[in-house]
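Residue numbers (my numbering): 6 to 282.
Now the structure itself:
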């Protein structure tokens, strides 16, 4: 028995109403979706750590999620695992006519252009007649916000909705930062006003959130012009912050202190040491 057939049989057994697992039987697409996303991140984490044994295990966990969804769909008469596998096979052949057909592609950049054009045609075919076409169709809402902002910007750029160079994107970022600063000043004034209503305070908080959202979107646009993946850039900064803060904690522990017992000046000094290291 092949590994995939064994896995399919295990999944069917887990979902068997007679003697299956109670937890697995209670699940549906929506309850399983968060686990699917989590497993994809664990695959990425194993790759980031260059841990191939873990990558093998995490890919198995991710494959199990595909099998789980496929089993639930089979029970509803919608599709099964074979249909999922054949659908991706068809898609890969369709999107690589230079490999599986007679088309000719000059280089990787040309392939990217051809890939996006094929995706555009596929979106058009799936769209209902009454639906308004948009270049932003099918950008998944569930993506991490930075990644989705990057994809939205790329899609809009395909039809010319972008600045001529990175300087225009930076100027827009400066403009949004200025608007955010103005809103912060207004927010501080409101907090100082004892006559401010709770409703007005909530409205201003929403405006603050909107302004900082604009700033973040503009940062993503600048990243796109510079060919920097914003998600990866922030991931590296998170790792750097974690490493430096752990250095601060370790340094304080050597002094017999915790961060709660230390002053900001003491922590800043250790932080600077971590940066120099």
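Heads up, the beta-carbon is just placed ideally off N, CA and C, and yes, glycines get one too.
Count the other CB atoms, across all protein chains shown, that sit within 10 Å of the CB of residue i; report buried if there are 16 or more and exposed otherwise.
i	result
residue 147	exposed
residue 135	exposed
residue 245	exposed
residue 7	exposed
residue 275	buried
Would residue i and residue j qualify as a contact pair, given that the criterion is a beta-carbon distance under 8 Å?
i	j	result
residue 173	residue 229	no
residue 225	residue 151	yes
residue 37	residue 73	yes
residue 254	residue 149	no
residue 120	residue 133	no
residue 209	residue 192	yes
residue 13	residue 86	yes
residue 222	residue 267	no
residue 176	residue 216	no
residue 48	residue 57	no
residue 81	residue 20	no
residue 285	residue 227	The displayed coordinates of the chain run from 6 to 282. Any statement about residue 285 would go beyond what the structure contains.
residue 45	residue 67	yes
residue 103	residue 110	yes
residue 171	residue 231	yes
residue 167	residue 219	no
residue 30	residue 22	yes
Would you give the residue range spanned by the alpha helix (DSSP H) that residue i belongs to?
i	result
residue 129	113-131
residue 97	86-100
residue 71	57-80
residue 158	150-162
residue 146	First-last for residue 146: undefined, no H or E at that position.
residue 165	No alpha helix (DSSP H) holds residue 165; DSSP gives it neither H nor E.
residue 266	From DSSP, residue 266 is part of no alpha helix (DSSP H); its letter is neither H nor E.
residue 8	8-19
residue 110	Where residue 110 is concerned, there is no enclosing alpha helix (DSSP H), given that its DSSP letter is neither H nor E.
residue 29	27-31
residue 42	34-53
Please return the same chain residues whose Cβ sits closer than 6 Å to the Cβ of residue i, not counting the five positions on each side in sequence.
i	result
residue 279	249 and 252
residue 143	128
residue 41	70
residue 156	144
residue 78	84
residue 88	none
Quick one: residues in its chain with C-beta nearer than 8 Å to the C-beta of residue i, no 5 flanking neighbours on either side, listed in chain order?
i	result
residue 129	138
Using C-beta distances below 7 Å, list every residue in its chain close to residue i, excluding the 5 sequence neighbours before and after it, in chain order.
i	result
residue 64	48
residue 105	98
residue 26	19
Could you check whether the Cβ of residue i sits closer than 8 Å to any Cβ belonging to chain C?
i	result
residue 188	Among the chains of the structure shown, chain C does not appear; only one protein chain is present.
- [ ] Just list the beta strand (DSSP E) runs in the region 212-264, keeping only unbroken ones of 3 residues or longer that don't cross its boundaries, in chain order.
- [x] none
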